[in-house]
Structure formats: structure tokens, C-alpha cells
Amino acid sequence: MATTTATTTTASHFSMGADASDPPEWLNKLEKNGWTVVPEAIPKDKALGYADKGYEWLESWNLGFDRKDPSTRKAANLPWHIRGGLYNRYGIGHEQFVWDLKCEAGLIDKFAQVWKTDELLVSFDGINLSMPEQERPKTDPLFAPWSHVDQSAYNPDFDCIQGILNLLPNGPEDGGLMVLDGSSKYYAELWEHFDYKKPENGWNSWAFQLVDEEMCRWLESKGCKWVKICAQPGGLMLWDSRTIHYGAAPSSTNDRFAAYVCYKPVTAVSEEAKKARLEAYAARANTTHDPAKFRGKERLPPSDHASYDIAIRRPLQNPVLSKRAKQLIGLEPY
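Last residue of the sequence shown: 334 in UniProt numbering, with the numbers rising by one and none dropped.
This is the structure in C-alpha cells:
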């Protein structure tokens with residue numbers, strides 16, 4: 001299935017809603033440090049219920065994975081994924097449980113507080129269902145940092161807040177979001193300082209750029225520090241897209257389940273992007289994080305993977321959408 005055409009919005013930037021008379025502590029921290037955690041954005045039992053749906057989805061492929069059998073917890077028994085458990089194909093972003101999750105009022109409310117409007121559009125993002133493989137040595141490249149930003153180096157202004165809704169207990173060794181605290185403050189200066197590293201064709205014009213070790217060390221010399229963000233089920237991790245970050249693979253024995261969530265005001269999305277979003281939904285295609293500036297993802301895994309033939313035969317999901325879900329997609333106006 002063809003990848004959705006890359007899209008861009010008109011040039012507009014938004015200020016976070018922390019100019020309210022008494023903003024919550026988490027919103028102040030988001031502005032100050034570039035990241036924050038909102039405890040129990042949705043109830044813990046609901047988050048655990050969504051994690052259970054994640055296990056069901058993995059088992060539904062009939063590749064040999066059984067959550068009750070530790071011996072089946074290996075890549076060979078799972079659908080194709082990257083980074084130890086990141087699933088961004090198969091149209092997983094349009095599974096019923098994912099749409100139910102993205103319509104949680106407590107989750108939407110936090111982005112509404114950021115943007116000072118509840119008229120939002122949401123990304124068609126993937127899910128992280130990471131399970132440690134005990135036979136994998138810690139020297140495996142899987143455990144190496146892959147520091148990056150999800151914003152173009154050519155766009156130094158505040159533009160997007162990304163989110164991860166945590167579904168299982170997530171401690172220091174359980175894998176998950178690593179952020180370079182305070183790095184968003186130096187975004188413009190970073191690319192100016194390292195202009196000599198710019199590739200011949202320039203930095204990526206779309207919303208992604210790897211950041212190498214030398215760049216990270218330079219930011220550390222400015223006082224930025226790496227922080228492993230921990231959260232309980234239902235906790236919401238938020239960060240400015242200019243914050244250097246990466247997802248660490250679990251090094252404990254605990255699973256890491258989380259959903260990528262990102263909402264933006266409908267007024268921030270161009271008509272071109274709105275049209276492309278509807279095309280992506282019709283094709284049940286996943287997209288990258290930003291609801292306004294995104295790239296589409298292929299539905300199928302690599303053709304040499306065991307899940308390829310199954311993925312071809314699996315029917316497109318036809319989720320039952322609430323009115324709120326239709327608004328978040330752009331199928332119904334606000």
C-alpha cells in the first residue's frame with residue numbers, strides 16, 4: 001500500500017497555555033525543562049486494560065507468542081517491529097483499542113491545556129510493546145542510544161508537543177523515554193554551532209533529525225542532563241519536540257507498553273494536510289508524530305518477515321468511532 005504523501009502546514013507557531021492565572025505544575029515544568037509527566041492522566045485500571053489489549057493484539061498474529069509462556073517472548077514469535085518493540089505498521093494506529101485510548105477525556109484535556117483549545121486533531125501514531133529478550137546481550141546495538149529530535153533543524157521555534165501514554169509500570173531499568181533535560185532551550189544555537197556537520201543536501205526538512213554524541217556532549221556542557229522518565233500506568237509523558245530524546249530498550253525483566261499520542265489545534269493544520277490525513281485514515285495508514293507535519297508509514301512489514309503474508313491477509317480494521325474520534329481524525333467538524 002502506498003505511503004501517504006508527506007505534508008506540511010502553513011508557517012505558524014503556538015505559545016503554550018502556561019500564561020493562565022494558575023497553571024498546573026506539570027505545565028510549568030513543560031515550559032521550563034522541555035518535558036514533564038502528568039500522573040494518572042487516565043485511571044490506572046483503564047491503562048492496564050489497554051495493555052491487556054496490546055497483549056491480545058500480539059497473540060492475534062498466531063506467530064507463537066503466548067504472554068503466559070516466557071519461552072515465546074522473542075522476536076521470532078512477534079510481528080515485525082523496530083527498536084525492540086516499536087510497532088508503526090499494519091495500521092495498528094487504527095485498532096479499536098487505540099482509538100478508544102486516544103479518545104480518553106483525561107488525555108485530551110492535557111493537550112487542550114497546552115494549546116488552550118479542545119478543538120484538536122490527533123496523530124495516527126503507533127504503539128510500543130517492548131518485551132525484554134533475556135538471551136540478548138547488553139552489548140547488542142538494540143541498547144545503543146539513538147538520540148534525535150522530531151522537528152526539523154530549520155524550525156527553531158516552539159511547534160509541537162509529543163506524548164507517550166504509559167500503560168504498564170515503568171521504572172529506571174524498564175526501558176522507555178530518555179530526554180536531555182533543558183536541551184530545547186539551545187535548539188537554534190545547536191544547529192548554528194554544528195553547521196559544519198550539515199550534510200551536502202542539508203539537514204532534514206521534515207520533522208526528524210538524528211543528533212550525534214558530540215552534539216549531546218556540547219549540550220551537556222551547557223548544563224543539560226540525561227533523564228530517564230519513569231511513570232505508572234496512566235501517566236502521560238509530554239515533551240517539546242525540540243528536546244533531544246530517544247526510546248531505550250528494556251534492560252530489566254519487565255515489559256514496556258506505551259502509546260504514542262500527539263494532538264494539535266485544528267487551526268494549525270493546513271487544508272492540504274487535512275486532506276492527506278483523511279486519505280491516511282481511509283487506507284488505515286499510520287503516520288509520524290506530528291498531526292500537521294507528517295509522513296505516512298507503509299502498512300506491510302519487510303517481505304522476508306514471517307508476518308508479511310499474514311499482514312496481507314489481515315483485513316483493514318474498521319473501528320467503531322465516537323463523535324469525538326471523528327472530530328480528532330477530521331471526519332466531522334468542530
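Even for Gly, the Cβ is constructed at its ideal location relative to N, Cα and C.
(message) Here's a check: name, in chain order, each residue in its chain whose Cβ is nearer than 7 Å to the Cβ of residue 170, leaving out the five neighbours to either side.
(response) By 1-based counting over the sequence shown, the position of residue 170 is 170. Counting only Cβ-Cβ distances below 7 Å, and skipping sequence neighbours, we find 176, 230, 231, 256.
(request) Specify the secondary structure class of residue 44 as computed by DSSP and reduced to three states. (result) Residue 44 sits at position 44 when you count from the first residue of the sequence shown. Helix.
(request) Would you grab the beta carbon distance between residue 147 and residue 216 for me? Rounded to a whole angstrom, and I think it's under 8 Å. (result) Taking the sequence shown and counting its residues from 1, one reaches residue 147 at position 147. Taking the sequence shown and counting its residues from 1, one reaches residue 216 at position 216. Contact holds; Cβ gap of about 6 Å.
(request) Could you have a look at residue 132 and say whether DSSP puts it in helix, strand or coil? (result) Counting from 1 along the sequence shown, the entry for residue 132 is found at position 132. Correct three-state label for residue 132: coil.
(request) Taking 7 Å as the cut-off, decide whether the C-beta atoms of residue 290 and residue 188 are in contact. (result) Working through the sequence shown from its first residue, we reach residue 290 at position 290. Working through the sequence shown from its first residue, we reach residue 188 at position 188. No; because the gap between Cβ atoms is not below 7 Å, this pair is not in contact.
(request) Over the uninterrupted beta strand (DSSP E) stretch that includes residue 381, give me the two end residues. (result) With the chain covering only 1 through 334, there is no way to say anything about residue 381.
(message) Assuming residue 106 is part of the alpha helix (DSSP H), what are its boundary residues?
(response) Numbered from 1 along the sequence shown, position 106 holds the residue referred to as residue 106. Start and end: 105-115.
(message) For residue 104, which residues in the same chain have their Cβ closer than 6 Å to its Cβ, ignoring the five residues on either side in sequence?
(response) Start at 1 with the first residue of the sequence shown, and residue 104 comes out as number 104. So the list reads 42, once near-sequence residues are dropped.
(request) Please determine if the stretch 70-86 and the stretch 302-309 are in contact, where contact requires at least 3 C-beta pairs separated by less than 8 Å. (result) yes
(request) Tell me, please, whether the stretch 151-159 touches the stretch 321-334 by the rule of three or more beta-carbon pairs shorter than 8 Å. (result) no
(request) Indicate the three-state DSSP secondary structure (helix, strand or coil) for residue 309 in the structure shown. (result) Locating residue 309 in the sequence shown gives position 309, counting from the first residue. Residue 309 falls in the helix class under three-state DSSP.
(request) With hydrogens ignored, establish whether the beta-carbon of residue 252 is closer than 6 Å to any heavy atom of the ligand NAD. (result) In terms of ligand content, the structure shown is empty, and the ligand NAD therefore cannot be addressed.
(request) Using three-state DSSP, classify residue 195 as helix, strand or coil. (result) For the purposes of this step, residue 195 is identified with residue 195 of the sequence shown, where counting begins at 1. Looking at residue 195 - three-state DSSP - the assignment turns out to be helix.
(request) Confirm, please, whether the CB-CB distance from residue 238 to residue 47 is below 7 Å. (result) The sequence position of residue 47 within the sequence shown is 47, counting from 1. The sequence position of residue 238 within the sequence shown is 238, counting from 1. Not closer than 7 Å, so no.
(message) Tell me the rounded alpha-carbon separation between residue 338 and residue 157.
(response) What is shown of the chain runs 1 to 334, which leaves residue 338 out entirely.
(request) Compare the C-alpha of residue 86 against each of 260, 278, 199 and name the closest. (result) Against the sequence shown, residue 86 aligns to sequence position 86. Among 260, 278, 199, the Cα nearest to that of residue 86 is on 260.
(message) On the CB-based measure, 16 or more other CB atoms within 10 Å of its CB, does residue 50 come out buried or exposed?
(response) As a first step, residue 50 is located in the sequence shown; it is residue number 50 there, counting from the start. Residue 50 comes out buried.
(message) Could you tell me the alpha carbon to alpha carbon distance between residue 130 and residue 200, rounded to whole angstroms?
(response) In the sequence shown, residue 130 corresponds to position 130, counting from 1. In the sequence shown, residue 200 corresponds to position 200, counting from 1. C-alpha separation (whole angstroms): 36 Å.
(message) Can you look up residue 289 in the DSSP assignment and give me helix, strand or coil?
(response) Against the sequence shown, residue 289 aligns to sequence position 289. Looking at residue 289 - three-state DSSP - the assignment turns out to be coil, as it is neither helix nor strand.
(message) I need the straight-line Cα distance from residue 26 to residue 316, nearest angstrom please.
(response) The sequence position of residue 26 within the sequence shown is 26, counting from 1. The sequence position of residue 316 within the sequence shown is 316, counting from 1. Going from the Cα of residue 26 to the Cα of residue 316 covers about 38 Å.
(request) Label residue 28 either buried or exposed according to how many other C-beta atoms from any shown protein chain fall within 10 Å of its C-beta, with 16 as the threshold for buried. (result) Locating residue 28 in the sequence shown gives position 28, counting from the first residue. Residue 28 should be labelled exposed.
(request) Write down the C-beta distance between residue 73 and residue 299 rounded to the nearest angstrom, noting that I regard them as a contact closer than 8 Å. (result) One-based indexing of the sequence shown puts residue 73 at position 73. One-based indexing of the sequence shown puts residue 299 at position 299. Not confirmed; about 25 Å, so no contact.
(request) State buried or exposed for residue 242, treating a residue as buried only when at least 16 other CB atoms are found within 10 Å of its CB. (result) Start at 1 with the first residue of the sequence shown, and residue 242 comes out as number 242. Residue 242 comes out buried.
(message) In whole angstroms, give me the CA-to-CA distance for residue 180 and residue 244.
(response) Position 180 of the sequence shown, counted from the first residue, corresponds to residue 180. Position 244 of the sequence shown, counted from the first residue, corresponds to residue 244. Rounded to whole angstroms, residue 180 to residue 244 spans 5 Å at the Cα level.
(message) Suppose you measure from the CA of residue 267 to the CA of residue 191; what does that come to, to the nearest Å?
(response) Working through the sequence shown from its first residue, we reach residue 267 at position 267. Working through the sequence shown from its first residue, we reach residue 191 at position 191. Taking the straight line from one Cα to the other gives about 29 Å.
(message) Rounded to the nearest angstrom, what separates residue 203 and residue 182 at their Cα positions?
(response) For the purposes of this step, residue 203 is identified with residue 203 of the sequence shown, where counting begins at 1. For the purposes of this step, residue 182 is identified with residue 182 of the sequence shown, where counting begins at 1. Each residue's alpha carbon lies about 22 Å from the other.
(message) Check for me: the beta strand (DSSP E) holding residue 22 runs from which residue to which?
(response) Sequence index remark: in the sequence shown, residue 22 carries index 22 (1-based). Taken as a continuous stretch (DSSP letters only), residue 22 belongs to no beta strand (DSSP E), as it is neither H nor E.
(request) Classify residue 328 as buried or exposed, calling it buried when 16 or more other Cβ atoms lie within 10 Å of its own Cβ. (result) In the sequence shown, the residue the question calls residue 328 occupies position 328. So residue 328 counts as buried.
(message) Please identify the residue among 270, 205, 178, 282 whose C-alpha is closest to the C-alpha of residue 228.
(response) Numbered from its first residue, the sequence shown carries residue 228 at position 228. With distances taken between Cα atoms, residue 228 lies closest to 178.
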